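Step one of this worksheet: look at the structure below.
In our numbering, the protein residues as written are 1 to 288.
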């Protein structure tokens, strides 16, 4: 709770779209240091796109990070900077010199490092494109946590933040604040954007205004999403406010047909078409 308001516990993980899971795996398992946990729906139903085919990793100490296969062509060069949902990862270290050098050696597409003035909670960021043109932000925080980092090339402690596109900044700020209990505290500099904070962890949701939300966010189906975990006792009031839930085929349209059967998680959307999952928090050794 924050000032009597129900709040999410943390940004738990994310799933990004991919046209080639093998190619994406080589990037995430090497440069990003991800450890493959399991593959979901590599079956006839998955081949027929009835259910999503997803690779799940432990990445930056977050179990459940995923890559979901998509049929529509995803541009390896995004149409604009910060296209789609951008996940930021807290890198262990004082600067990003070694990370930038490693990215350049591998001929990755990068931008930066970019420095942010105080009091921004993000000190410095390097933007890297994965093979499908998804932007990843590797960041040094001014308020680092002490958790042991995962990854040898890029030592990452956690998901630091997520940048999310909205077409109406005032509406987006009100919706994320009122639905998930996020607070408006220290800001990350940027035009037409606002930074919201997860009170429990200091993780950030950075909303930035665009004319139209990226196709990689709105066209991708049955897989890509941002995941927020919630303390069990706070789940009901947040679920009640999360009023754009996803429904499914079959006799019970509320039952997710591919995993996590039960009443403690749902998928849905923000007012701009970004897909979100909420659910009971896991212990660090548990599920997705």
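Think of the CB as a built atom: it goes at the ideal place given N, C-alpha and C, for glycine as much as any other residue. Values in this document were obtained by computation on a predicted structure and should not be read as measured data.
Residue range of the beta strand (DSSP E) that includes residue i
i           : result
residue 123 : 122-129
residue 232 : That residue, residue 232, is in no beta strand (DSSP E); it is neither H nor E in DSSP.
residue 144 : Counting along the chain, residue 144 falls outside any beta strand (DSSP E), and DSSP gives it neither H nor E.
residue 112 : 110-115
residue 280 : 275-280
residue 161 : 156-166
residue 265 : 265-269
Best match in the options for proximity to residue i [C-alpha to C-alpha]
i           : options           : result
residue 38  : 53, 44, 156       : 53
residue 224 : 51, 43, 107       : 51
residue 64  : 188, 111, 11      : 11
residue 156 : 41, 59, 49        : 59
residue 107 : 89, 119, 114, 131 : 131
residue 71  : 22, 245, 219, 228 : 219
residue 264 : 97, 80, 235       : 235
residue 200 : 212, 228, 175     : 228
residue 16  : 194, 44, 135      : 135
residue 185 : 89, 191, 175, 198 : 198
residue 168 : 162, 210, 176, 22 : 210
residue 203 : 161, 142, 190     : 161
Under 8 Å between C-beta atoms of residue i and residue j
i           : j           : result
residue 32  : residue 151 : yes
residue 153 : residue 62  : no
residue 57  : residue 36  : yes
residue 164 : residue 221 : no
residue 183 : residue 241 : no
residue 69  : residue 29  : no
residue 140 : residue 94  : yes
residue 207 : residue 166 : yes
residue 87  : residue 137 : yes
residue 276 : residue 238 : no
residue 9   : residue 230 : yes
residue 126 : residue 99  : yes
residue 188 : residue 110 : no
residue 268 : residue 217 : no
residue 113 : residue 96  : yes
residue 67  : residue 55  : yes
residue 90  : residue 144 : yes
Extent of the continuous alpha helix (DSSP H) run through residue i
i           : result
residue 176 : 169-180
Exposure label - residue i; buried when at least 16 CB within 10 Å
i           : result
residue 296 : What the structure shows of the chain is the stretch from 1 to 288, and residue 296 is not part of that stretch, so it cannot be assessed.
residue 14  : buried
residue 281 : buried
residue 170 : exposed
residue 77  : exposed
residue 181 : buried
residue 74  : buried
residue 26  : exposed
residue 146 : exposed
residue 172 : buried
residue 103 : buried
residue 6   : buried
residue 117 : exposed
residue 261 : Bear in mind that a pLDDT of 49 at residue 261, under 50, signals an unreliable position, so the number given afterwards is only what the model happens to contain. When all chains shown are included, residue 261 counts as exposed.
residue 292 : Coverage of the chain is limited to positions 1 through 288, which leaves residue 292 absent and any answer about it impossible.
residue 105 : exposed
residue 4   : exposed
residue 232 : exposed
residue 194 : buried
residue 22  : exposed
8 Å Cβ cutoff, residue i in contact with chain D
i          : result
residue 26 : This model lacks chain D altogether, as it is built from one protein chain only.
Exercise for the section: Note down, one range per segment and in chain order, each beta strand (DSSP E) of at least 3 residues found wholly within the stretch 18-99. Expected result: 35-40, 54-59, 62-69, 86-91
Handout entry: Contained alpha helix (DSSP H) runs [length at least 4] in the stretch 193-243, N- to C-terminal order
Key = 215-218, 235-241
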